[in-house]
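First up is the structure itself, then whatever we jot down about it.
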Amino acid sequence: MKRRKLLMIPGPIEFEPSVLQAMAVPTPSHVAPDFIACFGNCLEMMKKVWQCPSGQPFIMAGTGTLAMDMAGSNLIEAGDSALVISTGYFGERYAELLRRYGAEVTLLKAPVGQVVSLEQVEQTLKKKSYKLMTFTHVDTSTAVLVDPRPLGELGRKYGVLTILDGVCSVAGEEIRQEEWGIDVVLTASQKAIGVPPGLALLVVSPRAMQAWKERKTHVGNYYSDWNNWLPIMQAYANGTPSYFGTPAVNLVIALEVSLRLILEQGIEARFEHNRLVGKAFRSAMQALSLKMIPCYPGQEANTLSAPLFPDWVDGNAFMKAMSQTDVIVAGGLLPELKGKYFRVGHMGSVTRADLLATIAAIEWALKQAGHHFAPGIGLQAAMNILD
Ligand code: PMP
Numbered sequence: 028m029k030r031r032k033l034l035m036i037p038g039p040i041e042f043e044p045s046v047l048q049a050m051a052v053p054t055p056s057h058v059a060p061d062f063i064a065c066f067g068n069c070l071e072m073m074k075k076v077w078q079c080p081s082g083q084p085f086i087m088a089g090t091g092t093l094a095m096d097m098a099g100s101n102l103i104e105a106g107d108s109a110l111v112i113s114t115g116y117f118g119e120r121y122a123e124l125l126r127r128y129g130a131e132v133t134l135l136k137a138p139v140g141q142v143v144s145l146e147q148v149e150q151t152l153k154k155k156s157y158k159l160m161t162f163t164h165v166d167t168s169t170a171v172l173v174d175p176r177p178l179g180e181l182g183r184k185y186g187v188l189t190i191l192d193g194v195c196s197v198a199g200e201e202i203r204q205e206e207w208g209i210d211v212v213l214t215a216s217q218k219a220i221g222v223p224p225g226l227a228l229l230v231v232s233p234r235a236m237q238a239w240k241e242r243k244t245h246v247g248n249y250y251s252d253w254n255n256w257l258p259i260m261q262a263y264a265n266g267t268p269s270y271f272g273t274p275a276v277n278l279v280i281a282l283e284v285s286l287r288l289i290l291e292q293g294i295e296a297r298f299e300h301n302r303l304v305g306k307a308f309r310s311a312m313q314a315l316s317l318k319m320i321p322c323y324p325g326q327e328a329n330t331l332s333a334p335l336f337p338d339w340v341d342g343n344a345f346m347k348a349m350s351q352t353d354v355i356v357a358g359g360l361l362p363e364l365k366g367k368y369f370r371v372g373h374m375g376s377v378t379r380a381d382l383l384a385t386i387a388a389i390e391w392a393l394k395q396a397g398h399h400f401a402p403g404i405g406l407q408a409a410m411n412i413l414d
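Residue numbers (this note's numbering): 28 to 414.
Here is the structure:
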């Protein structure tokens with residue numbers, strides 16, 4: 028019986044049945060020949076999805092925060108300077124994380140709903156020498172989309188390593204890691220990659236691997252240390268058994284299925300699908316007179332949206348009404364805007380039917396919460412884009 032609610036939060040998302048079925052296989056040994064081949068395939072396919080043929084991929088049991096931690100702990104030594112460009116909650120997390128490893132962090136914080144200007148970034152880079160800078164492609168707390176291209180360029184110009192937090196963007200928003208010169212692009216399995224939570228995934232440029240090799244001190248995190256994991260990734264890539272920590276075997280099997288589906292669809296087609304879905308959802312919200320947290324066109328994510336409630340709509344009443352529908356959406360994450368907005372994830376293989384069901388449920392819940400509009404107006408606006 029199909030008694031399941033549609034999960035439209037910004038991760039975990041709705042997963043393809045074939046990905047979920049792949050997880051249900053009897054768990055093989057992590058050194059079984061078939062599993063070694065599967066792991067090796069995942070590493071190869073990651074380079075294609077990230078568009079970084081010369082990068083070093085890592086597949087780790089853990090969450091997106093572990094991917095942030097692995098990049099940070101391997102590239103920072105105590106006393107190094109780091110520039111964190113923040114567009115919300117997860118930017119600030121990176122600042123805190125890097126400080127743990129002794130980094131002297133400069134935090135450039137965008138006003139809510141906006142990005143930090145390139146001029147401000149460049150002025151900051153001119154004033155002091157930085158080892159690395161981080162930025163969030165899509166901050167899941169604000170749905171603000173940052174253009175990584177010029178930041179990659181600035182990183183090259185000033186000799187600063189660049190880390191892109193792509194947890195809410197990889198395989199959803201356009202990323203060309205190698206062409207754009209970004210040193211680390213990291214994500215987690217439960218978002219646009221389309222695999223249940225539990226894998227931290229990153230691809231590292233040769234330049235960043237070299238910077239890591241030239242470290243003078245030990246990596247401050249034993250589990251994340253690339254000294255432990257690089258030989259394992261190389262062994263899997265070469266088809267030979269190895270061990271440091273037991274991989275999340277069933278999740279890696281599911282990852283192989285999902286990466287294959289993404290590449291079969293075509294990465295460009297996937298970006299395009301996401302753009303269309305994002306645009307359709309935003310135009311539905313606009314038709315319903317809901318403003319979005321991102322202030323400017325072109326800075327709105329396609330993987331999720333963050334609509335603000337009109338002043339007269341009580342956010343708690345809306346969320347309560349939503350919980351009576353068949354669709355799950357997420358509340359706001361920014362403490363300063365608590366109760367003032369909600370978030371909808373529409374990444375991965377979200378279908379037309381999923382999106383329309385979500386908009387219909389939002390319309391119903393808005394009505395219960397006292398908002399007035401012509402019924403179906405949001406659905407119509409979305410269909411105008413989708414069709
Ligand atoms: N960065 C961003 C942009 C995220 O959206 C998230 C998760 N929502 C994280 C980092 C942390 O990922 P995880 O919850 O898997 O640790």
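The beta carbon of each residue, even a glycine, is placed where N, CA and C say it ideally should be.
Please read these numbers as outputs of a predicted model, since none were measured by experiment.
query = With a cut-off of 8 Å, does the C-beta of residue 291 fall near any C-beta of chain B?
reply = Protein chain content of the structure displayed is limited to a single chain, and chain B is not contained in it.
request  = Have a look at residue 75 and residue 211 and give me their C-alpha separation to the nearest angstrom.
outcome  = 15 Å
query = Assuming residue 213 contacts residue 94 under a Cβ cut-off of 8 Å, what Cβ separation, rounded to an integer in Å, is found between them?
reply = 4 Å
ask   = Taking the alpha carbon of residue 414 as the point to measure from, which residue in 306, 390, 400, 322 has its own alpha carbon closest?
value = 306
request  = Return the bridge partner residues of residue 87 from the DSSP annotation.
outcome  = 227
inquiry  = Please state whether the Cβ-Cβ distance between residue 66 and residue 55 is less than 8 Å.
reply    = no
request  = Assign residue 41 to buried or exposed, taking buried as 16 or more other Cβ atoms, counted over all protein chains shown, within 10 Å of its Cβ.
outcome  = buried
Nearest-angstrom Cα separation, counted from residue 406 out to residue 353 = 16 Å
ask   = Looking at the unbroken alpha helix (DSSP H) that takes in residue 347, where does it start and where does it end?
value = 342-349
inquiry  = If contacts are defined as beta-carbon pairs under 8 Å, then residue 417 and residue 52 qualify, I think. What distance do you get, rounded to the angstrom?
reply    = It is not possible to answer for residue 417, since the shown part of the chain is limited to 28 through 414.
task = Quick one: grab the DSSP three-state call for residue 307.
result = helix
task = Give a yes or no on contact between the region 278-298 and the region 346-363, applying the rule of three or more CB pairs nearer than 8 Å.
result = no
inquiry  = Within 8 Å, do at least three Cβ pairs link the region 176-186 to the region 122-134?
reply    = no
message = I'd like the ranges of any alpha helix (DSSP H) spanning at least 4 consecutive residues and lying wholly in the region 197-280.
response = 204-207, 233-240, 253-265
key: Unbroken alpha helix (DSSP H) run spanning residue 381, endpoints   = 379-395
message = Using a Cβ-Cβ cutoff of less than 8 Å, which residues in the same chain neighbour residue 155 once the five nearest sequence positions on both sides are dropped?
response = 108, 133
ask   = Is any heavy atom in the ligand PMP found nearer than 7 Å to the beta carbon of residue 409?
value = no
task = Compute every distance between the C-beta of residue 314 and the non-hydrogen atoms of the ligand SAH, then say whether any falls below 7 Å.
result = The model depicted lacks the ligand SAH and carries the ligand PMP instead.
task = Give the DSSP-derived three-state secondary structure of residue 113 in the structure shown.
result = strand
task = Please list, in chain order, all residues of the same chain as residue 318 whose beta carbon is under 6 Å from its beta carbon, the five residues on each side excluded.
result = 335
Residue range of the alpha helix (DSSP H) that includes residue 153 = 145-154
request  = Report yes if the C-beta distance between residue 167 and residue 190 is below 8 Å; otherwise report no.
outcome  = no
ask   = To the nearest whole angstrom, what separates the beta carbons of residue 278 and residue 139, a pair I think is in contact under 8 Å?
value = Actually they do not touch by this definition, with Cβ atoms about 34 Å apart.
task = Confirm the yes/no value for this check: CB of residue 117, any heavy atom of the ligand PMP, distance under 7 Å.
result = yes
Cβ-Cβ distance between residue 376 and residue 182 below 8 Å = no
query = To the nearest whole angstrom, what separates the beta carbons of residue 84 and residue 97, a pair I think is in contact under 8 Å?
reply = Not really, about 12 Å apart at Cβ, beyond 8 Å.
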